[in-house]
Each structure stands twice: as structure tokens, then as C-alpha cells.
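*Asks:* Mapped onto the numbering used here, the consecutive letters of the sequence shown carry residue numbers 21 to 259. Ideal Cβ positions, reconstructed from N, Cα and C, are used throughout, including at glycine. Note that the coordinates shown come from a computational prediction; the quantities given were computed from them, not determined experimentally.
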Amino acid sequence: MIGARTTPSGLDRGGKPTSSHQPATDVTAKVTALGEGTRGLLTQAYLEWQEIASQNPQLFALGVKELWETKRPLDRVIHTMGWPLPNDAFGGSFMYPLQPTVVALGLVVGLDAPDAGLDVHVLLQQLKLHALFRRYLEGGELLEWGAKTIPEGGYYALPARRHGDGLVILGDAAGFVNVPALKGIHYAMESGRFAARAIFRALKRGDTSAAALAEYDAQVDASFIRDDLYRTRNMRLAF
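1. For Y104, count the other beta carbons within 10 Å of its own beta carbon; 16 or more makes it buried, fewer makes it exposed. Which is it?
2. Would you decide whether T26 is buried or exposed? Buried here means 16 or more other CB atoms lie within 10 Å of its CB.
3. Using three-state DSSP, classify L190 as helix, strand or coil.
4. Is it right to say D135 is buried, meaning 16 or more other beta carbons lie within 10 angstroms of its own, or is it exposed?
5. Look at the alpha carbon of A230 and the alpha carbon of Q70, and state the distance between them as a whole number of angstroms.
6. Spatial neighbours of M21 within its chain, please: C-beta separation below 6 Å, excluding the five flanking residues on both sides.
7. Could you give the uninterrupted runs of the alpha helix (DSSP H) lying entirely in the segment 90-170, keeping only those of 4 residues or more?
8. Under the DSSP definition of a beta bridge, which residues are partnered with G23?
9. Just reading off the beta strand (DSSP E) that L31 is part of, what are its end residues?
10. Alpha carbon to alpha carbon, how far is G212 from A124?
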């Protein structure tokens with residue numbers, strides 16, 4: 021891999037350039053770190069080209085989160101499973117105190133649910149009506165909200181390798197998420213640290229081949245990332 025091409029901007033609905041059009045730009049590099057998140061275009065293209073994607077298909081979930089300023093402080097961490105999800109959907113909710121009067125409320129639902137029309141945002145609105153959450157949100161103000169997809173396949177869905185000639189794959193792009201522990205950000209940070217070390221040494225040696233960057237995979241496999249994912253390898257698959 022020699023770099024990435026940006027997406028052109030300033031196109032109308034038909035894909036034709038407007039007065040603000042900016043063409044795609046080729047950004048080249050000796051090593052590219054693919055941290056695109058879930059199902060990144062470059063990551064998926066590379067895994068297919070190299071035929072190194074796991075034979076176990078990746079599982080995905082959609083998480084929707086809201087930040088609220090509340091009149092009543094939240095003095096605990098709340099996790100739930102089940103309602104308002106249907107019985108054939110996997111997922112759960114969380115509520116975390118961020119500041120004395122600011123809380124994060126979210127709902128994560130597996131996208132492998134049989135009902136393709138299941139609306140996670142609507143389910144979150146139902147969740148907020150439950151007394152467990154309503155007592156904190158009533159009279160409060162919604163500050164912001166967002167959503168993201170999450171790779172939930174775990175250990176068995178990891179690519180055969182997460183490095184190649186001139187590239188490394190890290191974070192959600194590699195599938196580093198521990199579903200039962202609700203953890204993924206620190207895996208992204210740690211894999212990014214391992215990637216930086218391996219890339220620095222490869223550049224210093226003047227060798228950015230797959231063999232030189234294999235050090236990245238070795239560091240990941242010797243770390244708590246691999247240990248955590250292996251320990252919980254069957255949890256999500258059970259659903």
C-alpha cells in the first residue's frame with residue numbers, strides 16, 4: 021500500500037462538480053495505518069485482495085448515545101439487557117455519569133437481528149421512558165447525540181494478520197472490541213501505540229515490507245488485547 025485517495029467534495033446529487041468542487045487528492049506514505057473504524061473501505065478492500073479476512077464473518081452492532089445535562093446527579097453506573105429490545109435481538113443499554121450534572125445514555129443493538137427494520141434510535145426513546153432512566157432525565161436538557169457501528173465478532177472474526185507491505189490495521193478496523201466488557205477504545209489506543217513503535221523502527225531501518233511490520237502483530241498478540249479477546253471469544257457467538 022502506498023497511501024490513500026481522499027473523497028472529492030463539492031458534487032451535486034448527480035455526482036457532477038459544482039463551483040465549490042475539490043477533486044480527490046492522493047496522499048502517499050511509506051506506511052499507512054488503517055484506523056477507519058467498522059468496515060472501512062480500504063481495510064475491506066485489502067482484506068479481500070489478500071484473502072486474509074476471517075472465515076467467521078464479522079458481526080456488527082449499532083450504538084446510539086445521547087449526552088444529557090440533568091437536574092439530578094447520577095451516582096452510579098447503569099447497565100441493562102433486554103427491554104425494549106425484542107427477544108431475538110442482542111444488545112443492551114448503559115448510563116454513565118460524566119460530570120456532576122452530565123450523563124451519557126446509550127443503547128447498542130446487534131445488526132444481525134432478524135428484523136432489518138429495527139430502529140435503534142426509536143428503541144432508545146422508549147428506553148428513556150423507563151423509571152430507571154426517566155427520574156434522571158426529567159427536567160434535563162439533551163446536549164448532543166450520535167451513533168456509530170461496532171464490530172462484535174471478537175477473537176474468531178479477526179483477520180489472519182493485521183499488517184502488510186506498507187500498512188497496519190488497528191482499532192475497530194481490525195475488530196478489537198471486547199463485547200461483554202464494553203471495551204474498545206483502549207484497544208484502539210494500545211494497538212495505535214504498537215503500530216507507532218513498529219512503523220518508527222521500520223522507517224528507521226528503511227524497510228517497510230510486511231516482514232518488517234510483522235512486529236506490530238507480534239506486539240498485539242503478546243498483549244492484553246489478544247488475551248482479553250480470547251478469554252471472551254465465545255460470548256457474542258452464543259447469541
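*Replies:* Concretely, from the data shown:
1. As a position in the sequence shown, residue 104 is number 84, starting the count at 1. Position check: residue 104 holds Pro in this sequence, whereas Tyr was assumed. Counting Cβ neighbours within 10 Å, P104 comes out buried, since at least 16 surround it.
2. Residue mapping note: residue 26 aligns to position 6 of the sequence shown, counting from 1. Burial is judged here by how many other beta carbons sit within 10 angstroms of a residue's own beta carbon; T26 has fewer than 16 and is exposed.
3. In the sequence shown, residue 190 corresponds to position 170, counting from 1. The answer is coil: DSSP assigns L190 none of H, G, I, E or B.
4. The residue you call residue 135 lines up with position 115 of the sequence shown. Counting Cβ neighbours within 10 Å, D135 comes out exposed, since fewer than 16 surround it.
5. For this step, residue 230 is matched to residue 210 along the sequence shown. For this step, residue 70 is matched to residue 50 along the sequence shown. Straight-line measurement puts the Cα of Q70 at about 12 Å from the Cα of A230.
6. The residue given as residue 21 occupies position 1 in the sequence shown. T52, G186 and L187, listed in sequence order.
7. Scanning the segment 90-170 for uninterrupted alpha helix (DSSP H) segments of 4 residues or longer gives 140-147 and 151-157, listed from N- to C-terminal end.
8. Start at 1 with the first residue of the sequence shown, and residue 23 comes out as number 3. T48.
9. On the sequence shown, residue 31 is found 11 positions in, with the first residue counted as 1. Where L31 is concerned, the enclosing beta strand (DSSP E) stretches over S29 to L31.
10. On the sequence shown, position 192 is the one that residue 212 refers to. On the sequence shown, position 104 is the one that residue 124 refers to. One C-alpha to the other measures close to 26 Å.
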